[in-house]
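For my numbering, count along the sequence shown from 1 and bump the result up by 866.
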Amino acid sequence: MVAGPVSLTVATGATPAEQAATTVTVALATPPADSTDHIDLGEATSETEHGLTASERSGTNQEAGLTRRYTHSSYPGGWFELDAAVPVDRPFVVRIVETFDGARRKTYDVELDGQVAHSVDLTRTAGGQGTMTHQFLVEPSALTADGSVRIRFQDTGADYDPSVADVWVVPVG
């Protein structure tokens, strides 16, 4: 799920009289009202507290007014990973603030404890620096039963690389 406007069409039949279209705005609060963990990527203390490790070309700087960590689009296959506290026996979402330096498409995988949990495919059409907030749902499983997961942002070698400013783990329900 990506924050921002979403076009919806409702149809009860094939004719225009049986269809209606509208746009709704999805809001994903940052920071969320409740979270079990927050990682401020690009901020050394937060990265150290969360055991961050990264591929050789991964780096940090500021983009769109936020600290961030990236894998480096000039060196495909890069990654970075960290430990996060998660709810035990409850679903949660991983909410991510992604930074951009222009109109770009980003595709990469997010792994939890070594297993792909979500494949990210984000397209930003606006020029200049900016952000997009997105999240994905994680159901309770053996991976989350101990209250901690290792989250890995893995470049897939296509499009642009992960460039993450913030990650929150948000309990659902």
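We put the beta carbon where it would ideally sit given N, CA and C, even for glycine.
Small disclaimer: the values here were computed from a predicted structure and weren't measured.
Mapping the DSSP letters down to three states, classify residue i as helix, strand or coil.
{"i": "P871", "result": "strand"}
{"i": "T902", "result": "coil"}
{"i": "P1037", "result": "strand"}
{"i": "E1005", "result": "coil"}
{"i": "S921", "result": "coil"}
{"i": "T889", "result": "strand"}
{"i": "T1010", "result": "coil"}
{"i": "T926", "result": "strand"}
For residue i, count neighbouring Cβ atoms within 10 angstroms of its own Cβ and tell me buried if that reaches 16, exposed if not.
{"i": "L907", "result": "buried"}
{"i": "L918", "result": "buried"}
{"i": "S1029", "result": "buried"}
{"i": "M867", "result": "exposed"}
{"i": "V1015", "result": "buried"}
{"i": "V1035", "result": "buried"}
{"i": "P953", "result": "buried"}
{"i": "E1005", "result": "exposed"}
Tell me which same chain residues have a C-beta within less than 7 Å of the C-beta of residue i, skipping the five on either side of it?
{"i": "G943", "result": "D1021 and G1023"}
{"i": "E938", "result": "Sequence inspection shows His at residue 938; the Glu mentioned does not correspond to that position. Contacts found: R923, S924, G925, G944 and D1027."}
{"i": "D979", "result": "L1009, V1015 and R1016"}
Using the C-alpha atoms, what's the distance from residue j back to residue i?
{"i": "I1017", "j": "V872", "result": "28 Å"}
{"i": "A950", "j": "A869", "result": "22 Å"}
{"i": "M998", "j": "E929", "result": "12 Å"}
{"i": "E947", "j": "A883", "result": "51 Å"}
{"i": "G1039", "j": "T888", "result": "28 Å"}
{"i": "V960", "j": "Y941", "result": "26 Å"}
Going by DSSP, which residues form a beta bridge with residue i?
{"i": "D1032", "result": "D906 and V963"}
{"i": "Y941", "result": "Y941 is not bridged to any residue."}
{"i": "G996", "result": "F966"}
{"i": "V1085", "result": "In the structure as shown, the chain begins at 867 and stops at 1039. Residue 1085 is therefore absent and cannot be evaluated."}
Would you say residue i touches the ligand ADP, meaning its beta carbon is less than 7 Å from a heavy atom?
{"i": "S901", "result": "For the ligand ADP, the structure offers nothing, since it holds no ligand at all."}
Can you list, in chain order, the residues of its chain with a C-beta nearer than 8 Å to that of residue i? Leave out the 5 residues immediately preceding and following it.
{"i": "T991", "result": "A969"}
Spatial neighbours of residue i within its chain, please: C-beta separation below 6 Å, excluding the five flanking residues on both sides.
{"i": "K972", "result": "L988, D1025 and Y1026"}
{"i": "V876", "result": "A886"}
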